[in-house]
Every structure is written in structure tokens, then in C-alpha cells.
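Quick note, in my numbering, the sequence shown goes up one by one and the last residue is 773. Here is the structure we will look at.
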Amino acid sequence: MNPKELQSLIANGENERVEFKTGNMSPEVIAKTVCAFLNREGGRLLLGVSDRGRLAGVADADLLTRSIESQLPSLISPPALWTVDRMRVEGRDIVIVEASEGMDKPYVTGGAIYFRRGERIVPANRNEISELIQNRADASQRWERRIAMGAEQVDLDDKLIQETTRMAVKSQRWQGSPNDIEGFLHALGLVSFGGVTNAALLLFGKQPSRLLPQARVRLLVLPEGKTGNQYSLDKTFDACVLQIAEQIPAALEAHAGGVASRFPEKNWQREDRSLYPITALREGVMNALVHRDYDANGSITISLLPDSLQISNPGALPHGLTPADLKRDHPSVPRNPDIAHVFFLRGLIEKIGRGTQRILARVSYL
């Protein structure tokens with residue numbers, strides 16, 4: 408979201424998915440709104456905007472942002488994916504807290520469950536709570552929450568898990584002990600009934616492809632295109648996805664890091680730019696690893712061709728989203744929220760529902 412888009416959002420006023428707030432901006436008050444968004448269809452909380460849409464700004468955006476990031480995780484249960492950002496508009500700082508619809512409802516703060524009804528935040532009634540609990544039972548059947556048959560906790564890399572907890576504590580995205588591996592896995596729903604989930608094995612497994620062959624990622628470098636018979640590289644990565652998330656961008660940078668030169672109009676000085684922005688490549692890889700349909704057969708394939716780079720993965724877009732939606736501001740519908748949350752804790756993804764827009768922004772000059 409840029410300042411122009413933010414101003415347009417404000418101009419449309421408050422609704423079920425947008426709330427303005429000035430005055431009391433305590434973490435406890437903010438947690439109620441975020442919980443209400445999580446329990447419904449997600450939304451955005453704009454701090455520093457009055458009920459009538461006036462830009463009031465916040466006094467210290469950095470302090471408020473840090474306070475939200477450090478305190479909100481301990482105020483909302485179960486753990487959820489949300490982001491906080493700041494933007495300067497017309498000389499005033501606005502803090503934006505965004506949450507997508509939660510997959511593990513009901514979400515609780517201060518011992519209560521909240522809903523968003525129109526422009527109001529209200530406690531959920533008995534029928535609504537029953538519906539949320541039923542939906543949560545259904546969510547437990549999604550692929551990432553199923554028990555990984557044949558896997559045990561000993562199959563997970565404790566060193567990688569502890570590295571993740573320490574990174575999350577350092578960034579204030581996790582409030583537990585950096586050495587409490589068991590507590591971390593339980594809190595994030597990565598172990599259940601004495602077994603490890605598919606998400607846990609995919610994220611931290613020592614050799615996940617032994618039980619989850621669809622976890623492999625294939626990288627092809629085809630200098631003659633898809634119709635040629637020459638391969639500069641044909642490599643399969645079969646580590647856990649957190650390690651693949653580091654290995655693939657490095658391999659792509661080595662093979663796609665060429666330079667394109669041009670002379671801009673009215674400028675005699677040559678400009679050298681990377682053929683493919685590394686940040687865009689990395690964003691594309693993260694999106695594929697986090698959002699693919701792991702319940703489907705087949706692996707992610709990345710093909711580097713003379714005139715393009717293609718990332719393909721099994722699965723369709725979430726219901727209600729079209730390819731055109733991905734080019735503009737759109738709701739985040741994470742297919743694998745547990746996997747996405749761990750990527751978020753490690754700082755591998757920052758915002759929700761913005762990946763494709765950032766890719767387009769990075770490659771706009773090509």
C-alpha cells in the first residue's frame with residue numbers, strides 16, 4: 408500500500424474490514440480490534456485517523472510500532488499472523504495494523520472473544536462462539552495440521568528450531584523462551600497428540616522428502632529455452648523448506664545475476680541493472696514455498712529461460728481470488744497459515760497479501 412492507496416482507503420470510511428482510531432492506542436485496545444478481524448474476514452486498523460477520516464497522526468510512530476510488535480503476541484491466543492507498518496501522509500505518521508482472517512478461530516484476548524459487526528467491535532454471542540469452534544475443528548483437517556505418518560519429533564532438527572525461536576524472540580515476534588523448543592512447537596500447533604504435523608516436518612525435518620516427496624524443489628537453467636536439449640543446471644533441493652528458502656535464492660543469484668545495460672533517453676551515461684532483481688526472485692520463491700497446495704502431487708519447479716524466469720507450483724488460487732487481483736491491493740488468504748507464521752517469525756516474509764505487488768514493483772523497469 409502506498410500513500411495514495413491509503414488516502415483512498417480512508418476516503419471510503421470505516422466498515423467491517425477497516426477501523427480508524429485516535430486517542431487510546433494501548434496494546435490491549437488494539438488487541439481487541441485485531442482479534443475481531445481474525446475472527447471474521449480480516450481487516451486493517453489505521454492508528455492516527457479519526458472516526459471522520461481526519462489525519463491526526465500519532466506522536467511517536469516508532470515507539471507505538473515497537474510496543475505493538477512486542478506486546479500483541481502475548482495478548483492474542485492462539486498465535487496469529489498479523490503485521491504492523493507505518494506510513495507518512497501529508498506530514499503525519501499513520502500506523503497500520505493488518506490481520507488476515509484467522510484459520511484457528513476463535514481468537515481470544517483478555518479472556519473474551521470479539522467480533523466485528525459493521526463498524527463496531529462486540530463480544531461474540533453463544534451461537535457465534537459455537538460456529539467458530541466448529542470452524543476450528545474443520546481447520547484441523549487441513550494438510551499442514553495433519554499428523555505426519557511415520558515421523559517422530561526426533562526427525563526434527565532441534566538446532567534449526569532453536570535458531571528460529573531465538574530469531575523470533577530477538578525480533579519480538581515471539582514472547583516465549585528462546586530455549587523452549589517443546590513449548591514453541593506446541594504453541595504453534597506443530598505437534599499434536601504426541602506426533603508431529605506435516606507443517607513441522609516440512610519446516611524443520613532433517614529429511615522431509617523421505618515422507619513428503621512433494622516437498623522437493625527443482626531448479627532448471629535452460630539456455631536454449633524449453634524446446635532446447637541443453638541444461639546448464641538441473642538440480643533438486645530436498646532439504647526442509649526453511650533451508651530451501653535460503654538455498655534457492657543463492658542459486659538463482661548465481662545463475663540469474665547477469666547485467667543488462669541501457670542508455671536512458673536524454674542521458675548519455677550507461678545504466679547497468681540486474682537482469683532479474685534478486686529481491687523479486689526471493690519474493691517469488693517465498694510465495695511458492697509458503698502458499699503452494701502441499702496436498703497435491705508434484706513439486707515446485709523453477710525454470711530460468713533466456714527471456715524469462717518461471718516459478719510453477721501445484722494448486723489453484725484461493726477461492727475468490729483471480730490473477731488480476733494479485734496485481735492490486737487484495738485480501739490475504741494464506742493456504743498454510745502455520746507455515747506462513749514460521750516464515751514470518753524468521754523474517755522471511757514481512758507483510759501479508761503483498762508479495763505479488765512487491766514483485767511487480769521490483770520488475771517494473773524490465
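Positions of the beta carbon are idealized from the N, C-alpha and C atoms, including for glycine.
For the 8 angstroms CB-CB criterion, Cys-647 and Leu-609 form a contact. Note: Lys-577 is not bridge-paired with any residue in the DSSP secondary-structure output. Val-441: not part of any beta strand (DSSP E); member of the alpha helix (DSSP H) spanning 434-445, first to last residue.
Note on Pro-744: 16 or more other CB atoms within 10 angstroms of its CB, so buried under the neighbour-count rule. Contact between Pro-486 and His-748 holds, since their C-beta atoms are separated by about 6 angstroms, short of 8 angstroms.
When Ile-568, Asp-641, Arg-461 and Lys-411 are compared, the shortest CA-CA separation from Arg-625 is found for Asp-641. Distances from the CA of Ser-599 to each of Ala-555, Leu-752 and Ser-433 were compared; the closest alpha carbon is that of Ala-555. Under a 10 Å Cβ-count criterion, Thr-572 is classified as buried, with 16 or more other Cβ atoms of the shown protein chains found around its own Cβ. In the three-state scheme derived from DSSP, where H, G and I count as helix and E and B as strand, Val-692 is classed as helix. Cβ-Cβ distances below 6 angstroms link Val-576 to Pro-585 in the same chain, with the five nearest sequence neighbours on each side left out; the list follows chain order.
Beta-bridge analysis with DSSP links Asp-492 to Ile-503. Remark: C-beta atoms of Leu-452 and Val-504 approach each other more closely than 8 angstroms. Residue pairing from DSSP places Asp-641 in a beta bridge opposite Leu-627. For Ile-709, the beta-bridge partners assigned by DSSP are Leu-626 and Ile-718. Annotated as distal: Glu-423 and Leu-482, with beta-carbon spacing of 8 angstroms or more. Cβ neighbours of Ala-594 within its own chain (closer than 7 angstroms, five residues either side excluded): Pro-486 and Gly-583. With 16 or more other Cβ atoms inside 10 Å of its own Cβ, Leu-563 counts as buried. Inter-segment contact for the stretch 631-640 and the stretch 680-694 is absent: fewer than three beta-carbon pairs are separated by less than 8 angstroms. Taking all protein chains shown into account, Lys-566 has fewer than 16 neighbouring C-beta atoms within 10 Å of its C-beta and is therefore exposed. The criterion of a C-beta distance shorter than 8 angstroms is not satisfied by Ala-606 and Pro-615. Taking a 10 Å sphere around the C-beta of Pro-713, we find fewer than 16 other C-beta atoms and assign the residue as exposed.
Here Gly-705 has Pro-721 as same chain residues with Cβ atoms under 6 angstroms from its own Cβ, once five neighbours each way along the sequence are excluded. Pairing Leu-479 with Ala-438 gives a Cβ-Cβ distance under 8 angstroms. Counting only the Cα atoms, Trp-550 lies some 6 angstroms from Asp-702.
Taking the CA atoms as reference points, Ala-652 sits about 23 angstroms from Arg-553.
Only residues of its own chain outside the window of five on either side were considered, and among them Ala-487, Ala-506, Gly-509 and Tyr-514 have a CB closer than 6 angstroms to the CB of Leu-445, listed in chain order. Approximately 7 angstroms separates the beta-carbon atoms of Val-456 and Ala-463; this is inside 8 angstroms, confirming the contact. Taking Ile-685 as the centre and dropping the five residues before and after it, the same chain places the C-beta of Glu-660 closer than 6 angstroms to its C-beta, in chain order. At a Cβ-Cβ threshold of 8 angstroms, Thr-472 and Arg-495 do not count as neighbours. With fewer than 16 neighbouring CB atoms inside 10 Å of its own CB, Gly-590 falls in the exposed class.
If you draw a 10 Å sphere on the C-beta of Asp-458, you find fewer than 16 other C-beta atoms in it, and that means exposed. Residue environment for Asp-500: buried (at least 16 other C-beta atoms within 10 angstroms of its C-beta).
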